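Take a look at the structure set out below.
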Amino acid sequence: MKKIIKLKQLAGEFAENKDIAKKVRITEIMPMLSKGHEIVFDFTDVSGATQSFIHALVSDPIREFKETAFDKLMYKNANSDIREIISIVYRYMQESLYGENNDV
Numbered sequence: 037m038k039k040i041i042k043l044k045q046l047a048g049e050f051a052e053n054k055d056i057a058k059k060v061r062i063t064e065i066m067p068m069l070s071k072g073h074e075i076v077f078d079f080t081d082v083s084g085a086t087q088s089f090i091h092a093l094v095s096d097p098i099r100e101f102k103e104t105a106f107d108k109l110m111y112k113n114a115n116s117d118i119r120e121i122i123s124i125v126y127r128y129m130q131e132s133l134y135g136e137n138n139d140v
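Just so you know, we're using the numbering used here here: the sequence shown kicks off at 37 and counts up by one.
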């Protein structure tokens with residue numbers, strides 16, 4: 037099963053509210069990942085996001101589900117700035133889980 041989360045509807049044009057990210061994480065992401073489902077974050081019409089928003093959205097799922105989260109969390113329609121922030125958060129999470137010199 038695949039769940040599409042349309043972030044503009046939840047977070048607006050600029051995704052920065054960590055409380056919204058936390059709510060989505062608790063009510064949507066964690067339950068879906070626990071069942072092995074794929075989650076697609078749709079960034080259509082979202083112009084930007086803070087690193088803290090992305091971190092609040094995905095850090096706990098990555099910490100708990102590790103490789104499953106890396107495989108099952110997908111991102112679409114994210115502009116280059118948002119993709120860079122996602123990449124920074126992923127690198128940070130990989131380093132915290134596996135150390136700096138990892139081949140994940």
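Yeah, the Cβ is synthetic: ideal placement off N, Cα and C, and Gly gets one too. All values reported here derive from a predicted model rather than from experimental measurement.
By the neighbour-count criterion, in which 16 or more other beta carbons inside 10 Å mark a residue as buried, M37 falls on the exposed side. Our two residues, V125 and F79, have alpha carbons roughly 16 Å apart in a direct line. Under DSSP, K112 takes part in a beta bridge, and its partners are D78. Around L43, the same chain offers A51, F77, D78, F79 and V82 as residues with beta carbons nearer than 7 Å, after the five sequence neighbours per side are excluded.
Comparing C-alpha distances from A92 to each of R127, G135, I121 and R61 shows the shortest one belongs to R61.
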